[in-house]
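Asks:
Chains as they are written, first to last, in the working numbering: chain A, 640 to 883; chain B, 1378 to 1599; chain C, 278 to 480.
#1: Could you list which residues in chain A have their beta carbon closer than 8 Å to that of residue 1597 (chain B), in chain order?
#2: State whether the segment 736-754 of chain A contacts the segment 665-683 of chain A, with contact taken as three or more CB pairs (one from each stretch) at a distance under 8 Å.
#3: Quick check on residue 375 (chain C): buried or exposed, where buried means 16 or more other Cβ atoms within 10 Å of its Cβ?
#4: Please say whether residue 280 (chain C) and residue 341 (chain C) have beta carbons closer to each other than 9 Å?
#5: How many angstroms separate the CA atom of residue 824 (chain A) from the CA atom of residue 1523 (chain B)?
#6: From residue 675 (chain A) to residue 715 (chain A), what distance separates their C-alpha atoms?
#7: Between residue 307 (chain C) and chain A, is any beta-carbon pair separated by less than 9 Å?
#8: Is the beta carbon of residue 1537 (chain B) sitting closer than 9 Å to the one on residue 1441 (chain B)?
#9: So, at 6 Å on beta carbons, what are the nonlocal neighbours of residue 296 (chain C) in its own chain, with the 5 sequence-adjacent residues on each side left out?
#10: Within 10 angstroms of its Cβ, does residue 1379 (chain B) collect 16 or more other Cβ (buried), or is it exposed?
#11: Would you mind giving the Cβ-Cβ distance between residue 1540 (chain B) and residue 810 (chain A), rounded to the nearest angstrom? I have them listed as a contact below 8 Å.
#12: Under a three-way DSSP split, which group does residue 291 (chain C) fall into?
#13: Among B:1574, B:1582, B:1402, which one has its Cα closest to the Cα of residue 1481 (chain B)?
#14: Measure from the C-beta of residue 1396 (chain B) to each C-beta in chain A and report whether the shortest distance is under 9 Å.
#15: Could you tell me whether the Cβ of residue 788 (chain A) comes closer than 9 Å to any Cβ of chain C?
#16: Taking only beta carbons into account, state which residues of the segment 279-313 of chain C come closer than 8 Å to chain A, listed in chain order.
#17: In the DSSP assignment, find the unbroken beta strand (DSSP E) run with residue 472 (chain C) in it and report its ends.
#18: Any idea what DSSP makes of residue 1597 (chain B), helix, strand or coil?
#19: Mapping the DSSP letters down to three states, classify residue 1573 (chain B) as helix, strand or coil.
#20: Tell me, please, whether the CB atom of residue 674 (chain A) is closer than 9 Å to any CB atom in chain C?
#21: Leaving out five residues on either side along the sequence, give the residues of the same chain with a beta carbon under 6 Å from the beta carbon of residue 377 (chain C).
#22: Quick one, are the C-beta atoms of residue 1587 (chain B) and residue 1517 (chain B) less than 9 Å apart?
#23: Could you run through the segment 1445-1467 of chain B and flag, in chain order, every residue whose CB is less than 9 Å away from some CB of chain C?
#24: Mind checking if residue 778 (chain A) is an interface residue toward chain B, Cβ cutoff 9 Å exclusive?
#25: For residue 309 (chain C) versus residue 468 (chain C), is the C-beta distance shorter than 9 Å?
#26: Thinking C-alpha only, which one of C:461, C:457, C:399, C:452 is nearest residue 434 (chain C)?
#27: DSSP three-state call for residue 678 (chain A): helix, strand or coil?
#28: Once DSSP output is grouped into helix, strand and coil, what is the label at residue 1485 (chain B)?
#29: Please return the same chain residues whose Cβ sits closer than 6 Å to the Cβ of residue 1504 (chain B), not counting the five positions on each side in sequence.
#30: Short check: CB of residue 680 (chain A) to CB of residue 819 (chain A), under 9 Å?
#31: Tell me the rounded alpha-carbon separation between residue 866 (chain A) and residue 317 (chain C).
#32: What are the residues that DSSP puts in a beta bridge with residue 748 (chain A)?
#33: Inspect the beta-carbon positions of residue 1437 (chain B) and residue 1551 (chain B) and report whether they are closer than 9 Å.
#34: For a contact defined as C-beta to C-beta under 7 Å, what are the partners of residue 1401 (chain B) on chain A?
#35: Quick one: which chain A residues come within Cβ less than 7 Å of residue 1589 (chain B)?
#36: I'd like the list of long-range same chain contacts for residue 362 (chain C), defined as Cβ closer than 7 Å, with 5 residues on each side in sequence excluded.
So this is what it looks like as structure tokens:
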């Protein structure tokens, strides 16, 4: 089935109905595998002890927080340039998921930081950049909720997403720069001069697991959103029919 | 008079005649600068150290004033429809409106900054540099705010949404503006580095802001 | 003058709802088209779409003018429900701005004010105008910055008898000068020969 057929909402719903159970199953399997690897294969850090294993949740979440914005940017181009019918649905459903992953990255980063730095929050470059990213996610979600008409909200959100995508590297660069100005060099160490395979493999496994989780949740959310829009259209038609 | 200069003149006229004109932003700026010592305490040494940061913060918040009205008024009274039907491209129209906003909101802030610097015990060098960085950076704030203004106009809901959308995007300008101001006074970094980056940010935001705002208005008409 | 505006099979969708479909018309220089129909039938939507403020979902719109590069939006006046006036500017300043912005060189705001009978109010802030006077000021825009296509949305609203005569005279002169008019109305427009396009009346 060519990819363009997915543009049809009905076909999309049918396809995802078949695919979703398998995807959920695969997600569960990779999570189990990843967690096993993280807890039993990866060694403790000689400085941090077992708390370093928060990294196996923190890093995938941080990666996903940026990946989701990238995905939304592609969807934004789909809305503005190619007028793909499902693009704004994809963007709308991705935003809360991206915000959740960013929030988890912040929380796990903060919990990780407590034993290391002695406080729950430090204005270091990475945490600060992620905090700003979180703010931008919330702004985008607020924008989605402000307008009733989904297609108008979709276009406005698409523009804001693209502006955000251009600004994110600038913001990251600015925060890094600002951080080197104001902080002594207390850089978060990821676990040694080179990343040994016993850490790399669980890290990759957890990253794949979280990415699959995002995909499953995203597809499910898109199905819900399409249903919601159908209900809305039916309601509009009902009102229009009653008008005559 | 050409179309775009007529637009500039009209917008400046309206801004000056309505609701306090250019003074509204300056008064807000003054209010913020007055509040800070009440929060920090009257320690002059401390105020001097954070003075340029306070001025930048006050200018940032004050330049958000009136942004929601920038495009929403034209949308509400039907002027935007006609602006779209003129012979000038929408991007230039929007850029002119941004320029008018800066002339009536940003520029007064730049002029007021040295005076307010006295309240914060800044010395002459610091005041000069802060004023320069504000002169370069406030246009960036206006252009970034233009995006939020366009969204507020196209979606017809302004209020708190606009600052939430705009503020994260202004963070780089704030960082480099304050860094340039401080570098000149405290060193050891040469002031040229953050200053040139600030100039770059203003130029980039001028382009992104006008194009994003124009695109929002076009799409929002439907 | 080779002025022609023709639409075939036009459709518009707003907020997920199809407002109209299969609309076709043709207007040439010196001709007028009157849009009629109940509220919600899409008269305003059609006018705004012709003015390029909205997009057509389907169909074709052809515009020909003596200048082959002419863009319809730049050659038409749109008179909507709103007046596009800034209350803090005077009558003269408001009109002069639109004359400068919408017109080519030699747009004449004095002539525009005189044509609608507002010349003595030139220095009055627009906030003090009555509804009828505001409407007349909008009409002055059409005179001060000449453009061949007029898109009028219920132009007689808020006009008293004398103002309606002024409007009739303006429209006649415009058509005589080779322009064309597309106007939406609920009532009767003072045009001798005008073709009618009825919208709406669904089901």
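Beta carbons: idealized from backbone N, C-alpha and C, even for Gly.
Replies: From the atom records:
#1: 791, 794, 795
#2: no
#3: buried
#4: yes
#5: Low per-residue confidence applies at residue 824 (chain A): pLDDT is 45, beneath 50, and the placement is therefore not dependable enough to give any value.
#6: 38 Å
#7: no
#8: no
#9: 289, 319, 322
#10: exposed
#11: Residue 1540 (chain B) to residue 810 (chain A), Cβ: 17 Å. No contact.
#12: strand
#13: B:1402
#14: no
#15: yes
#16: 292, 293, 294
#17: 472-475
#18: helix
#19: helix
#20: no
#21: none
#22: no
#23: 1450, 1451, 1453, 1454, 1455, 1456, 1457, 1458, 1459, 1460, 1461, 1462, 1463, 1464, 1465
#24: yes
#25: yes
#26: C:461
#27: helix
#28: helix
#29: 1491, 1494
#30: no
#31: 27 Å
#32: For residue 748 (chain A), which the question treats as bridged, DSSP gives no partner whatsoever.
#33: yes
#34: Ordered by position in chain A, no residue passes the 7 Å Cβ test against residue 1401 (chain B), which lies about 25 Å from the chain.
#35: 798, 802
#36: 371, 403, 411, 414
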